[in-house]
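Read the structure below first, then the notes.
Residue numbers (our numbering), protein chains in the order written: chain A, 1 to 277; chain B, 1 to 257.
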């Protein structure tokens, strides 16, 4: 009896891991394929049938990306815009979320949700006219401001839930002891919601880094971010797969690394607004 | 702006034309109507698949096992990856003659598809990318929901002789509904707005077969510079998205009782 139970458990474990591998294989495979393609020389990248494990490693794709295009400039642009957007988003979003949570401004919360819902493309036309009149197309300012519309609602929406968890008694105690409202926010509430700040900062950075729609219209020659740079690469000339895969790997690798390091925070940020209400 | 005839490139200034743009959308432009239908179809298809798959995965992974951390990491990678990069990789994988997707199909013994290169399959191929990218989100939310479920109802059901399936149907699903509805709501809203993947992989083609409202709008505004008409489409799109979210919010209210 005991042995039969053991066998059955063993079989169910094998079955479980079999299913788990089956479900997760597509995820792994796409990234694996992207990276191996980027390392293959051109002849092997387009070979049919494709080789999965055995191929000769070549850095030609990466070399071409950096020598034929100003890839470092594009990386710098992406970095400046994403960092600027995150910093500004936190500076505006944290006090906003705090006040919404503390004084239960439900209507404002709803307005934030609506901002989250509105299709980005609906903003794009007015902005295009607006920034053209101001001669701000192809400036970091325009990109940072527009990327805020994606990052800010996420920051506020997630942070509201975090601030609501801060016990009001703690804040009242600080107020009675003579702390100003800003002091309460700065010295009491903010330190308590640090995990939330990390989570939203990462998310806002990632979304800005990945943004394609706003940058494709508002970025010019000087401020082109990575996704746009790669897109223009494919539209202007016939390009070989190794180079394309190398570029794809380069633009997405930084966010993947951030995700690996800060996975717990990202899960919190992505699921918090949904589960805890 | 949506009430004006406004071409950026032409020398004529914007001209007020009242609701003409809207009547054109509603009655006179089959291309727009088809784009709306396509957008909704794409969304329903992708989100339904994501919900079923994500829920199945959450049920499977809702236990202690070696490798939970690895699973969580793998789950978030597609969601944070840059859509531009993902689109490029899928374009290469979908290539009809050289792509790895058809090779894998031939290994299993299936006949090859033309994926995004044929007007019959383009929309499905794009929906598949969306499913690949966002199923983990539903899974994570469902997992978080499952973790917070109480144990007692299951014990009671077990004593009453309920089968596992019955317990799932009558206990797990109703308790999980609020979390699931919110997940589906956010997913549906984002799927309606899908732009990057489609623009990079097909640009609405071949033969407009994957032209969603977003793509049509973008081309009207920034290829033909027909800003007035594009603005009225933007308003219409906003109305569709807002309508979808209102419906789902309402469903959620009734679900939380």
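No residue lacks a Cβ here, since even glycine has one placed at the ideal position from N, Cα and C.
What is the DSSP secondary structure of residue 114 (chain A), counted as helix, strand or coil?
-> Position 114 of the first chain, counted from the first residue, corresponds to residue 114 (chain A). DSSP places residue 114 (chain A) in helix when its eight states are reduced to three.
Compile a chain-ordered list of the residues in the segment 49–62 of chain B whose CB is closer than 9 Å to at least one CB of chain A.
-> 53, 56, 57, 60 and 61
Look at the Cβ atom of residue 218 (chain A), then the Cβ atom of residue 134 (chain A), and state whether they are nearer than 7 Å.
-> Counting from 1 along the first chain, the entry for residue 218 (chain A) is found at position 218. Counting from 1 along the first chain, the entry for residue 134 (chain A) is found at position 134. No.
Just the Cα atoms here: how many angstroms apart are residue 155 (chain A) and residue 194 (chain B)?
-> Numbered from 1 along the first chain, position 155 holds the residue referred to as residue 155 (chain A). Numbered from 1 along the second chain, position 194 holds the residue referred to as residue 194 (chain B). Going from the Cα of residue 155 (chain A) to the Cα of residue 194 (chain B) covers about 21 Å.
Mind listing which residues of the segment 81–103 of chain B have their C-beta closer than 8 Å to chain A's C-betas, in chain order?
-> 81, 82, 83, 84, 85, 86, 88, 89, 90, 92, 93, 97, 98, 100 and 103
Alpha carbon to alpha carbon, how far is residue 161 (chain B) from residue 114 (chain A)? Give it in angstroms, no decimals.
-> As a position in the first chain, residue 114 (chain A) is number 114, starting the count at 1. As a position in the second chain, residue 161 (chain B) is number 161, starting the count at 1. Each residue's Cα considered, the two are about 47 Å apart.
Starting from the beta carbon of residue 87 (chain A), find every residue of chain B whose beta carbon is closer than 9 Å, and list them in chain order.
-> Translated into the one-based positions of the first chain, residue 87 (chain A) becomes position 87. Those within 9 Å of residue 87 (chain A) in chain B number zero; the least Cβ separation is about 20 Å.
Beta carbon of residue 126 (chain B), beta carbon of residue 76 (chain B): below 7 Å?
-> Position 126 of the second chain, counted from the start, is the residue given in the question as residue 126 (chain B). Position 76 of the second chain, counted from the start, is the residue given in the question as residue 76 (chain B). No, they are not a contact pair.
Length of the line joining the Cα atoms of residue 204 (chain B) and residue 43 (chain B) = Mapped onto the second chain, residue 204 (chain B) falls at position 204. Mapped onto the second chain, residue 43 (chain B) falls at position 43. When rounded, the distance between both Cα atoms is 15 Å.
Residue 103 (chain B) - containing alpha helix (DSSP H), residue span = Taking the first residue of the second chain as position 1, residue 103 (chain B) is located at position 103. That run of the alpha helix (DSSP H) goes 100–108.
In chain order, what residues of the segment 211–231 of chain B put their CB closer than 8 Å to some CB of chain A?
-> 214, 217, 218, 221, 222, 227, 230 and 231
Report the option in A:14, A:63, A:148 and A:97 whose CA atom is closest to the CA atom of residue 211 (chain A).
-> Reading the first chain from its first residue, position 211 is the one you call residue 211 (chain A). Selected option, being the one with the closest Cα: A:148.
Have a look at residue 261 (chain A) and residue 67 (chain B) and give me their C-alpha separation to the nearest angstrom.
-> The count along the first chain starts at 1 and reaches residue 261 (chain A) at position 261. The count along the second chain starts at 1 and reaches residue 67 (chain B) at position 67. When rounded, the distance between both Cα atoms is 16 Å.
Please decide whether residue 70 (chain A) counts as near chain B, where near means a Cβ-Cβ distance under 7 Å.
-> For this step, residue 70 (chain A) is matched to residue 70 along the first chain. No, because no Cβ of chain B sits closer than 7 Å to the Cβ of residue 70 (chain A).
Neighbourhood of residue 84 (chain B) by C-beta distance below 7 Å, restricted to the same chain and skipping five residues each side = Looking up residue 84 (chain B) in the second chain gives position 84. Contacts found: 196 and 200.
Looking at the C-beta of residue 136 (chain A), does it have a partner C-beta in chain B at a distance below 7 Å?
-> Here residue 136 (chain A) is taken as the residue at index 136 of the first chain, counted from 1. Output row for residue 136 (chain A): interface = no.
Hey, could you find the ends of the alpha helix (DSSP H) residue 194 (chain A) is sitting in?
-> Reading the first chain from its first residue, position 194 is the one you call residue 194 (chain A). That run of the alpha helix (DSSP H) goes 194–210.
Kindly indicate the opening and closing residues of the alpha helix (DSSP H) around residue 77 (chain A).
-> What you label residue 77 (chain A) is simply residue 77 of the first chain in a count that begins at 1. Taken as a continuous stretch (DSSP letters only), the alpha helix (DSSP H) holding residue 77 (chain A) covers 71–102.
Under the rule that 16 or more other beta-carbon atoms within 10 Å means buried, what is residue 256 (chain B), buried or exposed?
-> Reading the second chain from its first residue, position 256 is the one you call residue 256 (chain B). Because the pLDDT of residue 256 (chain B) is 46, which lies under 50, any placement of that residue in the model is unreliable, and the question is left without a value.
Three or more beta-carbon pairs under 8 Å between the segment 232–251 of chain B and the segment 117–125 of chain A, yes or no?
-> yes
Report buried or exposed for residue 130 (chain B), applying the criterion of at least 16 other Cβ atoms within 10 angstroms of its Cβ.
-> Stepping through the second chain from its first residue, residue 130 (chain B) is reached at position 130. Its Cβ being crowded by 16 or more others within 10 Å, residue 130 (chain B) is buried.
Would residue 122 (chain A) count as contacting chain B if we go by Cβ distances under 7 Å?
-> Looking up residue 122 (chain A) in the first chain gives position 122. With 7 Å as the cut-off, residue 122 (chain A) counts as an interface residue toward chain B.
Go ahead and pull the three-state DSSP assignment for residue 66 (chain B).
-> As a first step, residue 66 (chain B) is located in the second chain; it is residue number 66 there, counting from the start. Residue state, collapsed to three classes: coil.
Can the beta-carbon of residue 108 (chain B) be found less than 7 Å from the beta-carbon of residue 255 (chain A)?
-> Counting from 1 along the second chain, the entry for residue 108 (chain B) is found at position 108. Counting from 1 along the first chain, the entry for residue 255 (chain A) is found at position 255. Their beta carbons are not under 7 Å apart, which means residue 108 (chain B) does not touch residue 255 (chain A) by this criterion.
Closer than 8 Å by beta-carbon distance: list the chain A residues that pair up with residue 241 (chain B), in chain order.
-> To locate residue 241 (chain B), count along the second chain from 1; it is residue 241. Here the neighbours are 117, 118 and 119.
Same chain, Cβ closer than 6 Å to residue 196 (chain A), neighbours up to 5 away in sequence not counted = As a first step, residue 196 (chain A) must be located in the first chain, where it is residue number 196. Closer than 6 Å at the Cβ level, and outside the excluded window around residue 196 (chain A), lie 159 and 162.
Let me know if residue 157 (chain A) comes out buried or exposed under the rule of 16 or more other beta-carbons within 10 Å of its beta-carbon.
-> Against the first chain, residue 157 (chain A) aligns to sequence position 157. Result: buried.
In its own chain, which residues sit with a C-beta less than 7 Å from the C-beta of residue 215 (chain A), not counting the 5 before and 5 after it?
-> Here residue 215 (chain A) is taken as the residue at index 215 of the first chain, counted from 1. Counting only Cβ-Cβ distances below 7 Å, and skipping sequence neighbours, we find 143, 225, 227 and 228.
To which residues of the same chain is residue 356 (chain A) closer than 6 Å at the C-beta, ignoring the five residues directly before and after it?
-> Since the first residue shown for chain A is 1 and the last is 277, residue 356 (chain A) is missing from the structure and cannot be characterised.
Cα-Cα separation between residue 74 (chain A) and residue 223 (chain A), rounded to whole angstroms | On the first chain, residue 74 (chain A) is found 74 positions in, with the first residue counted as 1. On the first chain, residue 223 (chain A) is found 223 positions in, with the first residue counted as 1. When rounded, the distance between both Cα atoms is 7 Å.
Return the CA-CA distance between residue 166 (chain A) and residue 35 (chain A), expressed in angstroms with no decimal places.
-> Position 166 of the first chain, counted from the first residue, corresponds to residue 166 (chain A). Position 35 of the first chain, counted from the first residue, corresponds to residue 35 (chain A). So the alpha carbons of these two residues sit roughly 44 Å apart.
Is residue 277 (chain A) buried or exposed, if buried means 16 or more other CB atoms sit within 10 Å of its CB?
-> Taking the first residue of the first chain as 1, we reach residue 277 (chain A) at position 277. The predicted position of residue 277 (chain A) is uncertain, since its pLDDT is 38 and thus under 50; no value can be drawn from it.
Whole angstroms is fine: what's the gap from residue 39 (chain A)'s alpha carbon to residue 36 (chain B)'s?
-> The residue labelled residue 39 (chain A) in the question sits at position 39 within the first chain. The residue labelled residue 36 (chain B) in the question sits at position 36 within the second chain. Going by the C-alpha atoms only, they are around 41 Å apart.
With 7 Å set as the bound, which would you pick, yes or no: does the beta-carbon of residue 77 (chain A) sit closer than that to a beta-carbon of chain B?
-> Here residue 77 (chain A) corresponds to residue number 77 of the first chain, with the count starting at 1. Not closer than 7 Å to any Cβ of chain B, the Cβ of residue 77 (chain A) fails to qualify, so no.
If the cut is a Cβ gap below 7 Å, which residues of chain B does residue 231 (chain A) touch?
-> Translated into positions along the first chain, residue 231 (chain A) becomes position 231. Those are 84 and 200, listed as they occur along chain B.
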